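Visitor: Final position of the sequence shown in the numbering used here is 389; the numbers increase by one with none missing.
Submitted below is the structure of interest, expressed as structure tokens.
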Amino acid sequence: MTKTARLLRELVALPSVNPAFLPPGDPRTGEHRVADCLAAMASQAGMDVEFQKISSERANLLVTLSPSGKVQRRILLAPHLDTVPSANPEQMVPRLKQGRLYGRGACDTKGSVAAMFLAMQAMATARRRPKHTEIVFAGLVDEESGQAGSRALAASGIKADLAIVGEPTLLEVVTAHKGDIWLRIQTHGKAAHGACPDQGRNAVHAMARVVDALETEYAAQLRQRTHPLLGHATVNVGRIVGGTQPNIVPDLCEIAIDRRTLPGETDAGVRREIQTLLRGRGLKVTLSNRKTGTCLPLETNPRLALVQELLRAAGRSQSRGVHYFCDASVLALGGIPSVVFGPGNIAQAHTSDEWISLVELDKAARILTRFLQVMP
Numbered sequence: 014m015t016k017t018a019r020l021l022r023e024l025v026a027l028p029s030v031n032p033a034f035l036p037p038g039d040p041r042t043g044e045h046r047v048a049d050c051l052a053a054m055a056s057q058a059g060m061d062v063e064f065q066k067i068s069s070e071r072a073n074l075l076v077t078l079s080p081s082g083k084v085q086r087r088i089l090l091a092p093h094l095d096t097v098p099s100a101n102p103e104q105m106v107p108r109l110k111q112g113r114l115y116g117r118g119a120c121d122t123k124g125s126v127a128a129m130f131l132a133m134q135a136m137a138t139a140r141r142r143p144k145h146t147e148i149v150f151a152g153l154v155d156e157e158s159g160q161a162g163s164r165a166l167a168a169s170g171i172k173a174d175l176a177i178v179g180e181p182t183l184l185e186v187v188t189a190h191k192g193d194i195w196l197r198i199q200t201h202g203k204a205a206h207g208a209c210p211d212q213g214r215n216a217v218h219a220m221a222r223v224v225d226a227l228e229t230e231y232a233a234q235l236r237q238r239t240h241p242l243l244g245h246a247t248v249n250v251g252r253i254v255g256g257t258q259p260n261i262v263p264d265l266c267e268i269a270i271d272r273r274t275l276p277g278e279t280d281a282g283v284r285r286e287i288q289t290l291l292r293g294r295g296l297k298v299t300l301s302n303r304k305t306g307t308c309l310p311l312e313t314n315p316r317l318a319l320v321q322e323l324l325r326a327a328g329r330s331q332s333r334g335v336h337y338f339c340d341a342s343v344l345a346l347g348g349i350p351s352v353v354f355g356p357g358n359i360a361q362a363h364t365s366d367e368w369i370s371l372v373e374l375d376k377a378a379r380i381l382t383r384f385l386q387v388m389p
């Protein structure tokens, strides 16, 4: 087993479930076990270790490899340490089978953590480290929920010439991803006895018309709005709640929608166009954001010199786009040119039998090491 595979096996065995998804006090929650493991390894390799406090129990791990000379450039390696939970208890125990490592977080995104950390460690122990390039490994918390880790790091004012955000991209260099807006829409009616429905106003019926408008007319409009790397914007009605029991005309109904955005779209613009569409159909609604924190799309210029250097290291001729949202746009919004890169397939993320290819894992570590080795 390679060094990268051994580290990944150790990390998967350390539960780091985002606390947003489990009851308070659950022993599987929190990123601290993974962070402490990596911090100890970093200290042994002579790298500087710092914890950036996010809350009373959570902190980003910042590991810095200083250059031998004056700092003229900074590269940020930024995977997240948290995972979603699993109903399968076997996922908490790493398993090797037919060239794959199975376990929660193997793909999303402890594979990226292992590859990035060991690439940086290789630079720390190499005979020649970069003379003018500082390398910072930022193990971020809370990507799977509110992105508190990346938001705090960006707000701290940290500067970098490039951030490589670890996510499963099949080793493609990703320079664009969609944004994500969660919206809440409510329709209001008038309650009445189910035996006399004509005396009330049915909020569920009104919402049925709203859902139809979103899933047909609005979705068709979005298919006309495309991006060369991301395709078209989308809308999904993912949840509906209305009424209390069959013999009462419901006076309130609520839906939650997921709206994936393209570069150039904004929260305010999306809310405005939905309101306009529904008003045009004679539908009165209350619309609000369901999730705090802006989740803007990412679009980084693929012609940037460092992006081109990473593409060369990865053996790729052009960058790609992905449909999911991640920490990259948060860091980009903070002024750091950002890309997404890592081993694994997003199709394996959050699944009941998550796995990653060990061949791809080792290749990711080699690509990142090759990239860092050419830094001045």
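A virtual CB, placed ideally from N, CA and C, is assigned to each residue, including glycine.
Note that the structure is a prediction, hence the values are computed from the model and not measured.
Do you know offhand how far T364's Cα is from G124's?
Guide: 15 Å
Visitor: If you count every other CB in all the chains shown that lies within 10 Å of the CB of N215, and 16 or more means buried, which is it?
Guide: That one is buried.
Visitor: Going residue by residue through the stretch 315-376, where are the continuous beta strand (DSSP E) segments of at least 3 residues, counting only ones entirely within it?
Guide: 333-335, 351-354, 368-370
Visitor: Report the residue ranges of all beta strand (DSSP E) runs contained in full by the stretch 220-281; include only those spanning at least 3 residues, in chain order.
Guide: 247-255, 265-274
Visitor: I need the straight-line Cα distance from L24 to D174, nearest angstrom please.
Guide: Rounded to whole angstroms, L24 to D174 spans 29 Å at the Cα level.
Visitor: Just grab the DSSP bridge partners of E312 for me.
Guide: Beta-bridge partners assigned by DSSP to E312: A189.
Visitor: V154 and A72 - do their beta-carbons sit closer together than 9 Å?
Guide: yes
Visitor: For the putative contact between V30 and S163, defined by C-beta atoms under 8 Å, what is the C-beta separation to the nearest angstrom?
Guide: Contact flag wrong, Cβ pair sits at about 18 Å.
Visitor: In terms of alpha-carbon separation, which member of P276, E278, V254 lies closest to I270?
Guide: V254
Visitor: Along the beta strand (DSSP E) that carries D61, what are the first and last residues, could you check?
Guide: Under the DSSP assignment, D61 falls in the beta strand (DSSP E) whose first and last residues are 61-66.
Visitor: If I follow the unbroken alpha helix (DSSP H) through T17, where does it start and stop?
Guide: 16-25
Visitor: Would you grab the beta carbon distance between T122 and P181 for me? Rounded to a whole angstrom, and I think it's under 8 Å.
Guide: Right, the Cβ-Cβ distance comes to about 6 Å (below 8 Å), so this counts as a contact.
Visitor: Output yes or no for whether 9 Å exceeds the beta carbon distance between L21 and V186.
Guide: no
Visitor: In this structure, how does DSSP classify G162 when only helix, strand and coil are distinguished?
Guide: helix
Visitor: Under the three-state reduction of DSSP, which class applies to V97: helix, strand or coil?
Guide: coil
Visitor: Which residues does DSSP list as the beta-bridge partners of P92?
Guide: Paired residues: G179.
Visitor: Would you kindly work out how many angstroms separate the C-alpha atoms of A318 and P350, rounded to a whole number?
Guide: 11 Å
Visitor: Got a sec? Which residues, its chain only, sit under 7 Å from D340 by beta carbon, not counting five neighbours each side?
Guide: Same-chain partners within the cutoff: A91, H93, L153, E156, Q160, S163, V178.
Visitor: Measuring only the C-alpha atoms, how far is R140 from G348?
Guide: 33 Å
Visitor: May I ask you to list the residues that DSSP assigns as paired with Q199?
Guide: The partner list for Q199 (beta bridge, DSSP) reads E267, T299.
Visitor: Find the nearest neighbour of L275 within the set I369, I148, P143, I194, judged by alpha-carbon distance.
Guide: I194
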